[in-house]
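Student: Sending over a structure as structure tokens; questions will come in a sec.
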Amino acid sequence: MKARVKWIEGATMMGASGSGHAVVMDGPPELGGRNLGVRPMEMLLLGLGGCTQFDVLHILRKARQPVTDCVVELTAERAESEPKVFTRIQVHFIVTGRDLDPQRVQRAIELSAEKYCSASIMLGATATITHDFEIHGL
-4 MKARVKWIEG
6 ATMMGASGSG
16 HAVVMDGPPE
26 LGGRNLGVRP
36 MEMLLLGLGG
46 CTQFDVLHIL
56 RKARQPVTDC
66 VVELTAERAE
76 SEPKVFTRIQ
86 VHFIVTGRDL
96 DPQRVQRAIE
106 LSAEKYCSAS
116 IMLGATATIT
126 HDFEIHGL
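Per my numbering, the sequence shown runs over residues -4 to 133.
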């Protein structure tokens, strides 16, 4: 896997993934940014959300669970001193579908957190990560 980050100006950067996709990152105005993109640490949090959602949906599809929507809401706290690593992350799943089995949803989240989601396992080295979910029926 490869990626490239090019400095544009101030605190603005353009990230390019090895798969050919781009994203703008920027810092806050008080640090020279112009608020043109997500902060780099926000990208890490987004990566965790995408990684675990991908896993959970894959597991639920294999279990023939009729998921019609899935939202992952993440809330993180960071250390007060440098390096300001994530210290606590809450991952909340909102899963929608008809007659979803809560035990299968819970198990899919556990499997992602404990076995499949590389981002979760890496960030779990510095942060306490907790998970919960709610199911919305159709």
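Glycine is no exception: its CB is placed at the ideal position from the N, C-alpha and C atoms.
#1: Starting from D50, trace the alpha helix (DSSP H) in both directions and tell me its first and last residue.
#2: For I89, count neighbouring Cβ atoms within 10 angstroms of its own Cβ and tell me buried if that reaches 16, exposed if not.
#3: Considering only the beta carbon of each residue, do T121 and T82 sit closer than 8 angstroms?
#4: Can you tell me the Cβ-Cβ gap for G92 and V67, rounded? I've got them flagged as a contact below 8 angstroms.
#5: Could you compute how far the alpha carbon of P24 sits from the alpha carbon of W2?
#6: What does a CB cutoff of less than 6 angstroms around L95 pick up in its chain, not counting 5 residues either side in sequence?
#7: Check each candidate in S107, M117, S113 and name the one with the smallest Cα separation from H126.
#8: Kindly give me the distance between the Cβ atoms of D50 and Y111, rounded to whole angstroms, as I take these residues to be in contact under 8 angstroms.
#9: Does the Cβ of M(-4) have 16 or more other Cβ atoms within 10 Å, making it buried, or fewer, making it exposed?
Tutor: Put simply:
#1: As a working mapping, residue 50 is identified with position 55 in the sequence shown. It spans 35 to 57 - the alpha helix (DSSP H) in which D50 sits, taken as one unbroken run.
#2: Counting from one through the sequence shown, the residue named residue 89 turns up at place 94. Looking at its Cβ environment, which holds fewer than 16 other Cβ atoms inside 10 Å, I89 is exposed.
#3: Counted from its first residue, the sequence shown places residue 121 at position 126. Counted from its first residue, the sequence shown places residue 82 at position 87. A contact, by the Cβ cut-off of 8 angstroms.
#4: Residue 92 sits at position 97 when you count from the first residue of the sequence shown. Residue 67 sits at position 72 when you count from the first residue of the sequence shown. With a Cβ gap of about 15 angstroms, G92 and V67 do not count as contacting.
#5: The residue you call residue 24 lines up with position 29 of the sequence shown. The residue you call residue 2 lines up with position 7 of the sequence shown. Roughly 16 angstroms between the two C-alpha positions.
#6: Residue numbering aside, residue 95 sits at position 100 when the sequence shown is read from its first letter. Here the set comprises Q60, I130.
#7: On the sequence shown, position 131 is the one that residue 126 refers to. Nearest option by C-alpha distance: S107.
#8: Counting from 1 along the sequence shown, the entry for residue 50 is found at position 55. Counting from 1 along the sequence shown, the entry for residue 111 is found at position 116. That belief holds up - the Cβ atoms of D50 and Y111 are roughly 5 angstroms apart, short of 8 angstroms.
#9: Position 1 of the sequence shown, counted from the first residue, corresponds to residue -4. With fewer than 16 other Cβ atoms within 10 Å, it is exposed.
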